[in-house]
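Asks:
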Amino acid sequence: MGKNILLTGSHRSGTTFTGKMLSIPKNIGFINEPFNPNIGIEGIDNWNVYVKEGISNEKYYENLVKDLLNGRASFKRIQKKDDSVFKKTARLFLKSGSHIEYIKSTRSNSVERYLLKDPIACMASEWLHNRFDMEVVMLIRHPAAFVASLKRLDWHFPLERLIEQRELFGDFLNSHLKNINLSSITTVERDAILWNCIHEVLFSYLHRNPAMISVKHEDLSINPIKEFEGLYNKLNIDFDSNVKKVIKTYTVSSNPTNPKNNLVHDLKRNSKDNIERWKKILSEEEIYNVRNITKDLAHYYYSNNEW
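FYI, the numbering for the sequence shown is 924 to 1230, going by this note's numbering.
1. Check whether the Cβ atoms of S933 and R1064 lie closer than 8 angstroms to each other.
2. In angstroms, rounded to a whole number, what distance separates the CA positions of K929 and N1102?
3. Would the beta-carbon of E1150 fall within 8 angstroms of that of L1220?
4. How about W970 and A1067: do their beta carbons lie closer than 8 angstroms?
5. Classify D968 as buried or exposed, calling it buried when 16 or more other Cβ atoms lie within 10 Å of its own Cβ.
6. Per DSSP, what kind of secondary structure is N898 in: helix, strand or coil?
7. Looking at A1044 and T931, is the spacing between their C-beta atoms short of 8 angstroms?
8. From what residue to what residue does the alpha helix (DSSP H) around L945 run?
9. So, are the CB atoms of P1042 and T1174 less than 8 angstroms apart?
10. Measure from the alpha carbon of M944 to the alpha carbon of each residue in M1061, K1218 and L1154, then state which is nearest.
11. Starting from M1061, follow its DSSP beta bridges and name the residues at the other end.
12. Less than 7 angstroms between C-beta atoms, sequence neighbours within five positions excluded: which residues of the same chain meet that for T941?
13. Would a C-beta distance cut-off of 8 angstroms place A1115 and V1213 closer than the cut-off?
14. When burial is assigned at 16 or more other CB atoms within 10 Å of the CB, is R1089 buried or exposed?
15. Taking the alpha-carbon of M1046 as reference, which of I964, I954 and F1095 has the nearest alpha-carbon?
16. Who pairs with K1040 in a beta bridge, going by DSSP?
17. Rounded C-beta distance between Y1224 and K1139? I'm assuming under 8 angstroms.
18. Sorted by chain position, which residues of the same chain lie with C-beta nearer than 7 angstroms to F1167's C-beta, five sequence neighbours on each side aside?
19. Which two residues bound the contiguous alpha helix (DSSP H) that contains K1101?
20. In angstroms with no decimal places, state the Cα-to-Cα distance between P948 and M1057.
21. Just to check my reading of the structure: N927 and L1039 have Cβ atoms closer than 8 angstroms, yes? What is that Cβ distance to the nearest angstrom?
22. So what's V1187 in DSSP terms, helix, strand or just coil?
23. Helix, strand or coil, according to DSSP, for F1092 in the structure here?
24. What does a CB cutoff of less than 6 angstroms around L1073 pick up in its chain, not counting 5 residues either side in sequence?
25. Which one of N1156, D1161 and R1054 has the shortest CA to CA distance from L992?
26. Can you find the residues in the same chain that come closer than 7 angstroms, C-beta to C-beta, to F1126, ignoring five residues on each side of it along the sequence?
27. Going along the chain, which residues of its own chain have a beta-carbon closer than 7 angstroms to the beta-carbon of V1187, five neighbours each way excluded?
Okay, structure coming up:
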């Protein structure tokens, strides 16, 4: 039996698609975003929680993760205003799709290891790697693509969520945020700074934990079969003909480039055409600003030709 897997990275880095492709085999149990305070497990109430050895709340999170891995956790009940009476009744008993998936994964006799798909757990990924001996796969996405995705969805992530975590700020983020007046910058600039904050942490984790795996979103998009086969091999997951067939179905060029109805997650996409869609969403000035803000970190993964 292999180790449990944490698939993480920034939000909008492709973890949903990648997680589904990595959990095609029946012996991989998929667990969706347990660290998400909206849809995750009971007891997680803050975004992007920073957990490390010796931090004051370490024992609290340790017990939550133990319960999660032992099938004792409970995902939050999702309530939506526009739900029908039938859906509202169903949620009383079934809670959410994530909870149903969790029950299926933890009760299945065929599941040998879990795959936790959770970008919200990125700040705790080093701790999960060391404390629970998890395989960690980090997805890296081009900063302009990340910013463009947030712009398309009109998503706003308050940087205050990171600033308020004193130990996170002191350990990693002081240099990125200490002299910035958040009220005087554009949304695109804020999102570029957010990319920096997240990847300052992730790149540090990768540097000091050589067993962690990093994968570029763009590499998975350009050559999905080759890259997923390599990832399967690194994680000791069997890459058989059925896996290859499913991945082809989700990534072929006949699939649309743009998400249907501006969906948050549209898994069947034209992978190759999707990687530079940000050039159609951001203006030249916005691209210049994103590049200027993120250049000190982005150059580790992205060359000048990729701008």
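The beta carbon of each residue, even a glycine, is placed where N, CA and C say it ideally should be.
Replies: From the atom records:
1. Yes, they are a contact pair.
2. For the record, residue 929 in the displayed sequence is Leu; it is not Lys. Computed Cα separation, rounded: 34 angstroms.
3. Contact: no.
4. No, Cβ-Cβ distance for W970 and A1067 is not below 8 angstroms.
5. The residue is exposed, with fewer than 16 neighbouring Cβ atoms inside 10 Å.
6. In this structure the chain extends from 924 to 1230, so residue 898 is not present and cannot be described.
7. Cβ distance < 8 angstroms, so T931 and A1044 count as in contact.
8. Unbroken alpha helix (DSSP H) run through L945: T938 to L945.
9. For P1042 and T1174, no; Cβs fall outside 8 angstroms.
10. For the residues M1061, K1218 and L1154, the minimum Cα distance to M944 belongs to L1154.
11. Beta-bridge pairing by DSSP links M1061 to T931 and S1137.
12. L930, L1062 and L1143.
13. Contact: yes.
14. It is exposed - the Cβ of R1089 has fewer than 16 other Cβ atoms within 10 Å.
15. In terms of CA proximity to M1046, F1095 leads the group I964, I954 and F1095.
16. In the DSSP output, where bridge partners are listed per residue, K1040 has L930 and N955.
17. Their Cβ separation, rounded to whole angstroms, is 6 angstroms, which keeps Y1224 and K1139 in contact under 8 angstroms.
18. The amino acid occupying residue 1167 in the given sequence is Lys; Phe does not appear at that position. Excluding its 5 nearest sequence neighbours in each direction, K1167 has C-beta neighbours in its own chain below 7 angstroms: I1148, listed in chain order.
19. Looking at the DSSP string, K1101 is not in any alpha helix (DSSP H), and its letter there is neither H nor E.
20. If you take the alpha carbons of P948 and M1057, they lie about 19 angstroms apart.
21. Contact holds; Cβ gap of about 7 angstroms.
22. Since pLDDT at V1187 reaches only 46, below the 50 mark, its modelled position is unreliable, and the value read off the structure follows with that caveat. Here DSSP, grouped into helix, strand and coil, assigns V1187 to coil.
23. Note: F1092 maps to helix in three-state DSSP.
24. For L1073, where only same-chain residues beyond five positions count, the Cβ hits under 6 angstroms are D1114.
25. Taking only the C-alpha atoms, the option nearest L992 is R1054.
26. Same-chain partners within the cutoff: L1220 and Y1223.
27. Since pLDDT at V1187 reaches only 46, below the 50 mark, its modelled position is unreliable, and the value read off the structure follows with that caveat. L1076.
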